[in-house]
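Shown next, in structure tokens, is the structure this report addresses.
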Ligand SMILES: [Zn+2]
């Protein structure tokens, strides 16, 4: 966990813990894989990814931890370039929601290692604060919690989970309106972020 906070965690009535920097640097992960990340002022989606172009366009005004998570989400999509599930979903032969679930699973594990989760649960006893300590959205934390593996539960004393007062299915804002590519995706990408593109 890092030291730089963001002010958007300062919701009245909550413990005023600034959002920490998450240990997974998604921008760096993208760079290492040759995936280009562009920001654009868009209103109808948060992120757009293109497997063909190995490029991501994200909304320009996301706060740091949301930006990190959204990039991590899109990177996970692009890593599925060779997956039959993604191909089937792109062809309409498979529910896209299934692919989204796979992506959430990958991102939740990368951004929330079990040891970090336990540490944060020791310190704080409500979902927003635990999320802030981990440097993730409440959505991602909720996803991680409701998909903990049996062997992971052994690492976390139950009372730390019980005292959160949170249960699977309780709503938290969904922060990734990710736009799936279509046949005209390349054009969208060029319009949104003109620059160095394949094809
Ligand atoms: Zn997605």
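Numbering (the working numbering), first residue to last: 9 to 207. Where a beta carbon is used, it is the ideal one built from N, C-alpha and C, also for glycine. Model, not experiment: these values are computed from the prediction.
- Not one heavy atom of ligand 1 is found less than 7 Å from the C-beta of residue 56.
- Beta-bridge annotation (DSSP): residue 47 is paired with 66.
- In the DSSP assignment, residue 151 falls within the alpha helix (DSSP H) that extends over 146–154.
- Taking residue 110 as reference, the option from 81, 134 and 69 with the minimal CA-CA separation is 81.
- Distance from the CA of residue 152 to the CA of residue 72, rounded to the nearest whole angstrom, comes to 20 Å.
- For residue 108, the distance from the CB to the nearest heavy atom of ligand 1 is below 7 Å.
- Only residues of its own chain outside the window of five on either side were considered, and among them 189, 193 and 197 have a CB closer than 6 Å to the CB of residue 58, listed in chain order.
- Look at residue 71 here: in three-state DSSP terms it is coil, with no helix or strand label.
- Here the alpha carbon of residue 140 sits roughly 10 Å from the alpha carbon of residue 132.
- Placement of the Cβ of residue 182 at a distance of 7 Å or more from every heavy atom of ligand 1 is found.
- Looking at 195, 108 and 185, the one whose alpha-carbon comes closest to that of residue 52 is 185.
- Beta-bridge partners of residue 57 (DSSP): 64.
- The DSSP-derived three-state label of residue 175 is coil.
- Just so you know, the alpha carbons of residue 163 and residue 124 end up roughly 11 Å apart.
- For residue 117, the CB contacts under 8 Å within the same chain, skipping 5 residues up- and downstream, are 152 in chain order.
- The C-beta distance from residue 148 to residue 114 rounds to 11 Å, too long to fall under 8 Å, and the pair is not in contact.
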